[in-house]
C-alpha cells in the first residue's frame, strides 16, 4: 500500500509540474519585445530620449576609425517592404559608420515576392546571423510581429500609418538645434512654450503620430492642422498636449516650428480631395509664411511635392530646416543602432 | 443505449421556469422525466451524481463556423463539435461561408451526415444567395427540407435593397429567418478595427458604428414590408443598432438579435499592440458600446448569446494586423464568460443567463425540442459547477485552432458533463 501511495504521489507531482510548465508557455502575442527595439516614440522615457540624443552627439563627433570598432562585423539587416530614400540610406550609413555589416532585403528582390510571410522572413534573417533588423512595412504594427517572431531588437523605419520613431527623434534634434538647446539638458520642461504645428495629411502620417507622441512629453504643444478628410477629430485622442486647429494661419501665428506633410496619394483609398482648395488653404508659400510665421523653422520629413504642400521659395528659403533634418538622420540612427546592439556612444 | 440518471442536481430549465432539485432521466436519446429526488428508480441506469451542481438544457449556439466543407485545416465538424461539447453546447448552427459555400441541399445534408463525426447536433444555416454572391436567391424550401434552419450570407452582407427584400419574402414563405451580418461594406473598405481614437493611435482604418447600425435600420425598414418576415441580426455590437432593434420590436416586428461573449466582455483596448486574436468582425468596440451590450442583455432586448466561433490557423493569425483574418474561437469560453460577466459581475439571475444560451436561441431559430428539459425533448444536458473558478488555456482547447483572446483568463463555472441526445460527449 505504501508503495502504491508513493507512486501515486509521484505521479501527481509529475502531473502538476507538467501543468505548471504548460501554464507558463507564452503564446505568440505574449512573446516579449527585445528592449533594444525602437518601435514607438511612446516607448522612450524622457531620460532615454536624452541618452539617445547625447549618444548621437558623441557618435557624430567621434573619430570615424574609432567609431568603426564599436559594432565591428556585427550584422544588421534592413528589411524594406516600401520604397525609401532618406530613411534607408541614413540607417545603412549609420550602421556602416559603426562598423556593422549590413544587408538589404527589399520586397521586390527577395522571396517576399513569392509569398514568404514577415514572420518567416524574420526567422530566416535571424538564422543568417542578423542581430538587429531595421524594418519598413506598409502595415501598421508590423515591427511588433517581427520582434515577437525573432526575439531580436527591431528598429522601426516606418510602419503603415502608425509610427516613425527615428524620424521623431531626428525632428527633435533639429528643433533643439534651431532653439539652440542642448540635448544634455533635456527634460519634461525643455519645450515649454514651444508650439509645433504639423500641417497636412495627418490621417495617413506616421511622422505626425510619432512626433505627437514624443514632443508633448518634453513640454511642447502640438497643433494638428488640415482639412477634416485628412485630420479626423479622433486625432486628439493621441494624448494630452495635442490640439486641432483648422485654420492654418491661426496655427502659424502661434508656432515656432512648422512641419509640413505631403498628401499620401498611395494611402488615400478612394478619398476625393479638391487639390486647388487644399493649396489655397494649407500650402506653405512665401507670402503666407512671411505674414504669419516669419521667424519659425520650417520642417518637412520628405518626400516634398513642390508646389503642393510647400513652394520652392519656402523649402529652399532661409527658414527651411529640411536639410538639417536629413543631416540629423545619420547621427540619430547611429545612436539607435548602437543602443540596439549595446554599442555604447556615451 | 443505456439510460442515464442525473441525480440530485439543481435543475434550471428556463423554458419551463423550473429551478429546483430534481433527478433527470434520459432514455432513448430523450428526456424521459424530471422528478423530485428519489422518485425515479436507478434500476439499470448509469448514474451521474450532480449534487451541488447545476443541471441545465444543453447549450444552443446559433452562430458558429465549423469550416467544413473545404477548410479542414482550421477546424472540422468533428473538432468543432468536440469543442462545443467541452463548452457545454449540444446544438450548434453552422454558418455557410465554407468552401464551397453551403448553398445547396446536398451540402446541407453532407454536413449532417454521420460520417462527419459530430459530437453534438449540427444545424446547418444555408446561404441566402447563390455562392453568397448577393444576386440570386437560393431555394429556401429545398434547403429547409434538407435541414437548414435559417438563411444568411454571413460575412458578406446583403447590401442590395431589392435582393434583401426578396430574401425576406421568400424566407417568410419557407418559414425561415434571414440572418444578416450587418455591415455596410461600402463604408468599411480596408478597415480592420473599430473607428475612433484608438484606431487613429494605432494607425489602423476604423469601421464607423454607423456601418452596422445603418444596415440594421435599412433591414428593419424592409422587414416592415414583409408579412410574417423574421430578421435576425447576427453578432450585434453597437448601441445604435441595438436601439434600432429595440424600437422595431416595440413596433411589433419580428426582429431578433444575438450578442457574442467578446462583445459584452471586451473592448477594443484588448487589441493592445496589434494582437490579431482580438481582431474579428464586427470589431471589438468602445466601452460605451460594450456597456450597451450588457444593458441590452439585462433588459431582455438581446435574444441570444452566440459565439461566432471562428477558428483560424496560427500561421494565418501570426501576420500583420491588416492581413490577419477576422475571428476568434469561442465555444469553450462562452459559458464561463457569461457566468463571470453577467451572473457574477452584474448579478443577473442564473436562469436568465441560461435562457440566453438555451431556450431563447432555440426559439429564435425554432429548433424544436432543443434548449429545454421538458419530457420528450432531446436528451441534451449540461451539468456544471456555477461557482467554480478556473483558468482557460488555449493550448488545451479541443478546437483545431487556438485563436482566442481569452488565453489565461479566469472564468466562472466549469462544465462537468455534457450529454447529447442521451450520449455522454464530455466529462471531467
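Protein chains in written order, with this note's numbering: chain A, 1 to 346; chain B, 347 to 774. For every residue, glycine included, the Cβ atom is placed at its ideal position computed from N, Cα and C. Treat the numbers as computed from the prediction; the structure is a model and nothing was measured.
Segment contact: the stretch 65-84 of chain A against the stretch 97-113 of chain A, three or more CB-CB distances shorter than 8 Å; contact assigned. Taking the CA atoms as reference points, residue 609 (chain B) sits about 16 Å from residue 749 (chain B). For residue 235 (chain A), a Cβ of chain B is located within less than 8 Å of the residue's own Cβ.
Counting other Cβ atoms within 10 Å of its Cβ, residue 271 (chain A) stays below 16 and is therefore classed as exposed.
With a cutoff of 8 Å on beta-carbon distance, residue 611 (chain B) and residue 683 (chain B) are scored as near each other. At a C-beta separation below 7 Å, residue 209 (chain A) has these neighbours in chain B: 549. Taking 8 Å as the CB threshold, residue 232 (chain A) lines the interface with chain B. Per DSSP, the beta bridge partners of residue 540 (chain B) are B:553. By alpha-carbon distance to residue 565 (chain B), the top candidate from B:512, B:522, B:761, B:519 is B:512.
Per DSSP, the beta-bridge partners of residue 258 (chain A) are A:197, A:298. The Cβ of residue 141 (chain A) sits closer than 8 Å to at least one Cβ of chain B. Exclusion of the five residues before and after residue 364 (chain B) leaves 357, 358, 380, 719 as the residues of its chain whose Cβ lies within less than 8 Å of its Cβ.
When the alpha-carbon of residue 504 (chain B) is set against those of B:519, B:576, B:575, B:483, the nearest one is in B:483.
Interface residue (Cβ-Cβ distance to chain A less than 8 Å): residue 665 (chain B) is classified as such.
Taking CB atoms only, residue 206 (chain A) has a neighbour in chain B less than 8 Å away. Around residue 390 (chain B), the same chain offers 348, 349 as residues with beta carbons nearer than 8 Å, after the five sequence neighbours per side are excluded. Within a 10 Å sphere around the beta-carbon of residue 228 (chain A) sit fewer than 16 other beta-carbons, which makes this residue exposed.
Residue 270 (chain A) carries a coil assignment under DSSP once its states are collapsed to helix, strand and coil. CA-CA distance, residue 558 (chain B) to residue 636 (chain B), rounds to 15 Å. Per DSSP, the continuous beta strand (DSSP E) segment holding residue 762 (chain B) begins and ends at 756-766. In this chain, the alpha helix (DSSP H) harbouring residue 697 (chain B) covers 696-701. Taking residue 42 (chain A) as the centre and dropping the five residues before and after it, the same chain places the C-beta of 213 closer than 6 Å to its C-beta, in chain order. Cβ proximity to chain B below 8 Å picks out 159, 160, 161, 162, 163 from the stretch 156-181 of chain A. Taking 9 Å as the cut-off between beta carbons, the residues of the stretch 639-673 of chain B near chain A are 660, 661, 663, 664, 665, 666, 667, 668, 669, in sequence order. The continuous stretches of alpha helix (DSSP H) do not include residue 476 (chain B), and DSSP gives it neither H nor E. Chain A places no beta carbon closer than 8 Å to that of residue 419 (chain B), leaving this residue out of the contacts.
Cβ neighbours of residue 444 (chain B) within its own chain (closer than 6 Å, five residues either side excluded): 415, 416. For the pair residue 531 (chain B) and residue 641 (chain B), the Cα-to-Cα distance works out to about 27 Å. For residue 578 (chain B), the pairing in a beta bridge is given by DSSP as B:525, B:602. Only residues of its own chain outside the window of five on either side were considered, and among them 659 have a CB closer than 7 Å to the CB of residue 419 (chain B), listed in chain order. Within the same chain, Cβ atoms closer than 6 Å to the Cβ of residue 587 (chain B) are found at 558, 559, 562, the five residues on either side in sequence being excluded. Taking a Cβ-Cβ threshold of 8 Å, none of the residues of chain B is close to residue 282 (chain A); the smallest such distance is about 20 Å. At a cut-off of 8 Å, the C-beta of residue 546 (chain B) has a neighbouring C-beta in chain A.
Residue range 322-340 is occupied by the alpha helix (DSSP H) that includes residue 328 (chain A). For the pair of segments examined, the stretch 384-399 of chain B was found not to touch the stretch 424-435 of chain B: the number of CB pairs separated by less than 8 Å stays below three. Residue 650 (chain B) places its beta carbon less than 8 Å from that of residue 706 (chain B).
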